[in-house]
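Presented below is the structure to which this report refers.
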Amino acid sequence: MQQLPVIEHLDKRVLTTNQIAEAFGTNAKIIARNFQRNQDRYEQGMHYFALSGETLKQFKSSRQNDVSLKYVSVLYLWTEQGAWLHAKSLNSDKAWQAYNMLISSYYQIKEQLEEEPQTLAISYKLFQQIERRVETLEQLAKNSTLHSGEQLRLRKAVNTRVCQLTDNQGARQSLFRSLYAALKERYHVGSYRDIKQYQLQDALCFVEKWGK
Numbered sequence: 001m002q003q004l005p006v007i008e009h010l011d012k013r014v015l016t017t018n019q020i021a022e023a024f025g026t027n028a029k030i031i032a033r034n035f036q037r038n039q040d041r042y043e044q045g046m047h048y049f050a051l052s053g054e055t056l057k058q059f060k061s062s063r064q065n066d067v068s069l070k071y072v073s074v075l076y077l078w079t080e081q082g083a084w085l086h087a088k089s090l091n092s093d094k095a096w097q098a099y100n101m102l103i104s105s106y107y108q109i110k111e112q113l114e115e116e117p118q119t120l121a122i123s124y125k126l127f128q129q130i131e132r133r134v135e136t137l138e139q140l141a142k143n144s145t146l147h148s149g150e151q152l153r154l155r156k157a158v159n160t161r162v163c164q165l166t167d168n169q170g171a172r173q174s175l176f177r178s179l180y181a182a183l184k185e186r187y188h189v190g191s192y193r194d195i196k197q198y199q200l201q202d203a204l205c206f207v208e209k210w211g212k
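Numbering (UniProt numbering), first residue to last: 1 to 212.
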């Protein structure tokens, strides 16, 4: 089946009678006759659109290169459901094969194209939600102070450093006070316990080098 030019009406993909006939391996007269015989099965707006008057005039103006429309007074445009009824009326292997090809290569293409932006929008929305959660977690981590285990690590580091600097017990008391004061000044806190978790590694390095 050759590539069909896209025709849309009221935001639906449709085909003309000539296109349906060509796709199903028959002629437009047989398609029209089948429609007349089974017209009670067809619902306008669902299976087909019948264009006439000003609506037809506007449609023709949008397809000026289509000479087959020149003398048409009523133009029938067939939806996917209408194509199915025509295939059912013809009930030939070729008609059903052509119908399946129309579904996969013409009618449903529009649905796929419409779904892609929606999928992207959902993905982007999900990404934004994840990004906000990450930002919230980062903010929580930034504001979280040392937990008990981290406080213990820092105290041990302070004790190790003071012991490295002097063996004099009296001097150690002064060094402890000075080192803890240096920590409070460096991180602008009232107690070493108020140092933030993300600052722990920096604090440990600071303690290790203090007094050199």
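For glycine and all other residues, C-beta sits at the position ideal for the given N, C-alpha and C.
Between the beta-carbon of residue i and the beta-carbon of residue j, is there less than 8 Å?
i	j	result
Lys156	Lys196	no
Phe206	Arg193	no
Leu175	Leu165	yes
Ile20	Arg13	no
Thr26	Leu102	no
Trp78	Leu15	yes
Can you grab the Cα-Cα spacing for the pair residue i / residue j, in whole Å?
i	j	result
Phe24	Leu85	12 Å
Ser148	Lys212	28 Å
Arg172	Cys163	7 Å
Gly45	Gln64	24 Å
Asn47	Ile31	The question names Asn, but residue 47 in the sequence shown is His. C-alpha separation (whole angstroms): 14 Å.
Leu10	Ser52	15 Å
Leu183	Ser191	8 Å
Asp93	Tyr76	24 Å
Phe35	Ser73	17 Å
Glu131	Gln139	12 Å
Thr17	Phe49	11 Å
Leu204	Asp167	21 Å
Trp210	Tyr198	20 Å
Ser178	Val158	11 Å
From the DSSP output, in three-state form, read off residue i for me.
i	result
Gln64	coil
Glu150	helix
Thr16	strand
His86	helix
Thr160	helix
Lys70	coil
Within the continuous beta strand (DSSP E) that includes residue i, where are the two ends?
i	result
Tyr48	48-51
Trp78	75-78
Can you give me the start and stop residues for the alpha helix (DSSP H) that residue i sits inside?
i	result
Trp96	93-102
Gly170	169-187
Asp40	Where Asp40 is concerned, there is no enclosing alpha helix (DSSP H), given that its DSSP letter is neither H nor E.
Leu204	200-209
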